[in-house]
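Each remark here refers to the structure printed beneath this line.
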Amino acid sequence: MTDQLRAKFENLELNAGLGKISAFISVSTAFLCLFGALCFLFPSVLTTPELRPLYTQHYDAFYFSLMLGIVISAGFGAFSAIARQNRYGFYGLCLALIAAVLGCGVIKAPVLPSLPFYAGFDYFVLTLFILALVFIPLEGFFAKNPEQKILRVGWVTDMKYFMFSHVGIQLFSFLTVMPIQYWITHIPNNPIVPLVQAQPIWLQFIELLIVVDFTTYWLHRAMHEVNFLWRFHAIHHSTEHMDWLASSRLHIVEVLMTRFIATLPIFLLGFHTSAVFAYLIFISFHAIFIHSNVRFRFPYLRWIIATPEFHHWHHSSEKPAIDKNYAAFIPLYDVIFKSVYMPNHLASVYGTVGYKIPNSFVKQFTWPFKRYVNRMKKRFGNSSDIKKD
Ligand SMILES: [Zn+2]
């Protein structure tokens, strides 16, 4: 089914005048509204506890946004279906009506029971909405590769990664942040913490960038240079089209390793929560920006802060660019450790060299393990042969 979904909706041109653009706006907004309406209906299981006080405080604004989204989706859907005879416009209109039915019954902020498990559907909807609103126009106006379509090859797979990483936020923090948090709080009288926390928040923010980037530089380098780790990281490099959504393509093992390595110094040095929070928002946004299909070059800044130009070279499949530009934020680490590559022209071809990585989300998950499964099969096959002899 997902093969059919990819065949139908990937590499799809949204030409004007056929109702495709209005159908795209209608269907995508309708899906966001559907998920949003479900969050309003089942908040105790579908929303992130950290964000719930915000919803209670601004309940009317969030509910109004949902209704506005439904109206926008239905309006574009109706235009596409009636004026342009586009059936996807009709589907968008139907989805908007379902969202309206689901959302209509909720008129008051409920008192939520605290359950041990939740899914971050709200986190998924809000992040996707904000990022799409920022990056789709940005890439449209300042595209590095203007030929690249919004619905380019691989977007369905990348959207699954995006959804999985946001909805599964509890699972990820349970496996990475929580064990470290537990361990660190059990270190008695950590002498570094008061020294770090005595500094102003802005200074802690800069220190976080420097310290975490140093640890992730080496993890990233190890992922390229250690074959076992590369098999997981190769999934991220398998994309042949760079844009904001391509940043989501990360194998779960890589996500867990990176978060663990990034979180360790944060807790070990005891940075203030405000500095950590500001850092996480900034670095997450920056990580998406450096993957985006934009032509900004930042002539001087590109040696101080990682830019799309710098990171696109990291994804390049051109020979001189292979295993270069590991830093997520500070290119100086690549200069110091001799792994920098930044010629005068921009990168243009991306992807892995010498590997045929499958396109589907599930197959990409199993791909790094396949080699070991095959080895096991061979081994068992051989041992049974020996027994027979
Ligand atoms: Zn890499």
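Using the working numbering, the first residue of the sequence shown is number 892, and each one after it goes up by one. Note that CB positions come from ideal geometry on N, CA and C, so glycine has one too.
- The beta carbons of Tyr-1241 and Glu-1131 sit about 5 Å from each other, so the pair counts as a contact at 8 Å.
- Between Ser-956 and Ala-987, the gap from beta carbon to beta carbon reaches 9 Å or more.
- With the rule of 3 Cβ pairs closer than 8 Å, the segment 1213-1228 counts as touching the segment 1098-1112.
- Non-local C-beta neighbours of Met-1133 in its own chain, meaning closer than 7 Å and more than five positions away in sequence, comprise His-1182, Asn-1184, His-1203, His-1206, Tyr-1241, ordered along the chain.
- Residues close to ligand 1 by the beta carbon criterion (under 6 Å to any non-hydrogen atom) are, from first to last along the chain, His-1111, His-1115, His-1124, His-1128, His-1205.
- Taking the CA atoms as reference points, Asn-1265 sits about 15 Å from Lys-1254.
- Per the DSSP secondary-structure output, Val-1185 pairs in a beta bridge with Ala-1034.
- Secondary structure of Ser-1251 (DSSP, three-state): coil.
- With respect to the C-alpha of Glu-1209, the residue from Ser-917, Trp-1194, Leu-1237 having the closest C-alpha is Leu-1237.
- The continuous alpha helix (DSSP H) containing Asn-1118 extends over residues 1118-1128.
- In the DSSP assignment, Tyr-1217 is bridged to no other residue.
- Per DSSP, the continuous alpha helix (DSSP H) segment holding Tyr-950 begins and ends at 950-969.
- With fewer than 16 neighbouring CB atoms inside 10 Å of its own CB, Cys-995 falls in the exposed class.
- Cβ-Cβ separation between Ala-1219 and Ala-1197: approximately 6 Å, consistent with a contact (criterion under 8 Å).
- Taking each of Val-1102, Gly-1059, Leu-1120, Ile-1101 in turn and checking the Cα distance to Thr-938, the smallest one comes out for Gly-1059.
- Around Arg-1188, the same chain offers Glu-1200 as residues with beta carbons nearer than 6 Å, after the five sequence neighbours per side are excluded.
- Beta-carbon to beta-carbon, Lys-1051 and Phe-1252 are separated by about 4 Å, close enough to satisfy the 8 Å threshold.
- Counting of Cβ neighbours within 10 angstroms places Pro-1079 among the exposed residues, the total staying below 16.
- Judged by DSSP secondary structure, Gln-1061 falls within the alpha helix (DSSP H) whose first and last residues are 1060-1066.
- Note that the C-beta distance between Leu-925 and Ile-989 is below 9 Å.
- Rounded to the nearest whole angstrom, the C-alpha separation of Gln-1061 and Ala-907 is 41 Å.
- Just so you know, the alpha carbons of Thr-1106 and Lys-1229 end up roughly 16 Å apart.
- Going by C-alpha positions, Leu-1155 is about 24 Å away from Gly-1011.
- Residue Tyr-1009 holds the alpha-carbon nearest to the alpha-carbon of Phe-1065 among Ile-1248, Ser-1175, Phe-900, Tyr-1009.
- Only exposed fits Leu-1094, as fewer than 16 other CB atoms lie within 10 angstroms of its CB.
- Three or more beta-carbon pairs separated by less than 8 Å link the segment 896-913 to the segment 964-979, which places the two stretches in contact.
- Between the segment 1083-1102 and the segment 1148-1168, the count of Cβ pairs shorter than 8 Å is three or higher; the stretches touch.
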